[in-house]
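Start counting the sequence shown at 66; every next residue gets the next number (the numbering used here).
Idealized CB from N, CA, C, for every residue including glycine.
None of these values were measured; they are calculated from a predicted model.
So the structure is just underneath, and the comments pick up after that.
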Amino acid sequence: MELDRAEAGELVKLPPGTYEGTLHIRKPIQVEGDETRIISRRDAVNEEPLLLVETNGAAVRGLQLEGNQAGLVVHGDNNRIQDVSISTGKTAIKLEKSNRNLVQRVRINGRTADLEQRGNGIEVRNSQDNLIEESTLDNLQDGVYLDNSARTFVRTNHISNSRYAVHMMFSNSSEVAGNILEHNVTGAMVMEDSGSQIAGNSITKQAEHVQSQGILLYHVQGAKVVRNTVDGNRIGLYVDSSTGNYVEGNQIMHNFLGLQMKDSTGNEFLANTWAGNVIQAQAADSHENLMKGNYWEDHQGLDLNGDGHSEISYQASPFFLSLTEAVPAYQLFFQTPGLAILQDLFTSGTDNWLRDESPLMSPASRGVREKTSSRGLLIGISLLLLGAGIMPFGRRIRRRVQR
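So this is what it looks like as structure tokens:
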């Protein structure tokens, strides 16, 4: 291919056909494919990608990348990657020390069955101000992995059947918005982060693994978690060792455990809906968190002045969480009559319980599905627990995932 002879800004159209990589773009040109496949050479070195962009201001459109090498690696700023499909057993797209790039309408499918052997879909390291949007990512280790990459915007993507749909580490002031995250181990994993936003996502069906959750905040400060639908997960929202976060207007429904908090202070929970969860919320060693104006489906409230809020507060007992941390096998006795009696007797230290002083009498403005019995979900979760050998509910998360 005569890419090196093209002038800056020139459009290079690649004819239909199959070509062997590595394709190397060193100038700010536009490369456009038409049923153009780039595949691995037989003698390819594993570290070589199928397509390497080492310039600023280039554009790549309409290519199909297939092979066992990394798909596309970018070292440069202000590049555009659009309408590209990638099938690989390695990481599909990697941005390294690259800023203000656009990755749009890409389709990525992992080719490796073993979760631990898969590559990531889109990996962003030591980069800033990149936009990833309107893309479909499936069967990967992490769909989108951000490491030390501030102000990364992940919008309107569909990520499924992966370990973490979106995995953020040290990527402050980033945004995950309007995505569909489903059938992963975890939907959004946010770690060691400050000032990011998780907004308007559909985060559903992370329930088939003993460590599944919809959203996890670990060592996170000042994040906003707003207007998400978090439905059908093992744990809906898990807040661990995190402070000063703002959680508003979320629909947290039909999870085994709606909210779990550990070692977290100064967080605000406003106008959320908690409905159809087997356990609505539990907290341990968490203090000075504000809960106000949330709807709790299981609350027997009383509105005396007609303002839509109950004068009777809602309290989330940590009894079950504390008991199963000590003896995980006791999870099998959840909702049995004896355990319910013990929970009613467990009323010491209620000042430290999660408490909503003015719970809503009816759901907030975003609609809630018709009330659903938790029995079917409980049976399914119980079978999962038995098959997995009883999950460790009180697990500790390592400060940094070993990669």
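- By the neighbour-count definition (other C-beta atoms within 10 Å, threshold 16), G371 is an exposed residue.
- Closest in C-alpha terms to L196, from the list E273, A242, G323, comes A242.
- For the pair P424 and G297, the Cα-to-Cα distance works out to about 23 Å.
- Taking C-beta atoms as the reference points, N244 and D258 fail to come closer than 8 Å.
- Secondary structure in the stretch 86 to 132: the beta strand (DSSP E) runs of 3 residues or longer, each lying completely within the stretch, are 88 to 90, 95 to 104, 116 to 118, 124 to 132 in chain order.
- In the structure shown, Q262 adopts extended strand secondary structure according to DSSP, grouped into three states.
- Annotated as proximal: V149 and V171, with beta-carbon spacing under 8 Å.
- Looking only at E313, Q95, E85, the smallest Cα-Cα distance to A71 is reached by Q95.
- Excluding the 5 residues flanking it on each side, Q286 has same chain C-beta neighbours closer than 8 Å at D258, S259, G260, S307, T308, G309, N310, in chain order.
- The way I'd put it, the stretch 178 to 194 does touch the stretch 152 to 159; three or more beta-carbon pairs between them come closer than 8 Å.
- In the three-state scheme derived from DSSP, where H, G and I count as helix and E and B as strand, L167 is classed as strand.
- A straight line joining the alpha-carbon of H374 with that of L202 spans about 42 Å.
- V231 and G252 have their C-alpha atoms spaced approximately 6 Å apart.
- When L180, D212, P428, L205 are compared, the shortest CA-CA separation from I151 is found for L205.
- Within the stretch 207 to 277, no run of alpha helix (DSSP H) reaches 4 residues while sitting entirely inside it.
- With respect to the 8 Å criterion, A123 and I90 are classified as neighbours on the basis of their beta carbons.
- Annotation: the continuous beta strand (DSSP E) that includes N174 extends over 172 to 175.
- Per DSSP, reduced to three states, the secondary structure at L76 is strand.
- Judged by their CB atoms, I103 and L115 are nearer to each other than the 8 Å cut-off.
- The three-state secondary structure of L160, taken from DSSP, is strand.
- DSSP, reduced to helix, strand and coil, places L180 within a helical segment of the structure shown.
- In the DSSP assignment, K327 falls within the unbroken beta strand (DSSP E) covering 322 to 327.
- Cβ neighbours of S239 within its own chain (closer than 8 Å, five residues either side excluded): L211, S214, A215, R216, T217, F218, V219, M233, D258, S261, Q262.
- In the structure shown, D368 adopts coil according to DSSP, grouped into three states.
- For L128, the closest alpha carbon among the candidates D142, N121, Q147, V139 is that of Q147.
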